[in-house]
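Numbering (our numbering), first residue to last: 1093 to 1178. Shown next, in structure tokens, is the structure this report addresses.
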């Protein structure tokens, strides 16, 4: 069975299960990317590395990003320190 025939042959329950998994993953992935782009405390190089990680391994990359990022207060402090240098 080819890939398109397999997708077309899925039952209604399989579609519901897939969507229940897919929708939260896409939301997590999108929120991680938007959050990363909006950070002022990271340079372009660090943002690109995080973005590659999130895009290459979407679930693990996004979860690691949220687990390892500093608290918002720390992000603001780092952004102010970074801005003061320039």
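Glycine included, every Cβ here is placed at the ideal spot set by N, Cα and C. Note that this is a predicted model, so its numbers are computed, not measured.
Q: Could you check if residue 1130 is buried or exposed, using at least 16 other CB atoms within 10 Å of its CB as the buried criterion?
A: exposed
Q | Inter-stretch contact (C-beta, 8 Å, three-pair minimum) for the segment 1113-1133 and the segment 1151-1165 | A | Yes, since at least three Cβ pairs between the segment 1113-1133 and the segment 1151-1165 fall closer than 8 Å, the two stretches touch.
Q) Does any C-beta atom of chain D lie closer than 8 Å to the C-beta of residue 1133? A) Checking the listed chains, one finds no chain D in this structure; it contains a single protein chain.
(Q) I'd like to check one pair, residue 1143 with residue 1115: are the Cβ atoms closer than 8 Å? (A) Residue 1143 sits away from residue 1115, with the two beta carbons spaced by 8 Å or more.
Q. Do residue 1128 and residue 1139 have their CB atoms nearer than 8 Å?
A. yes
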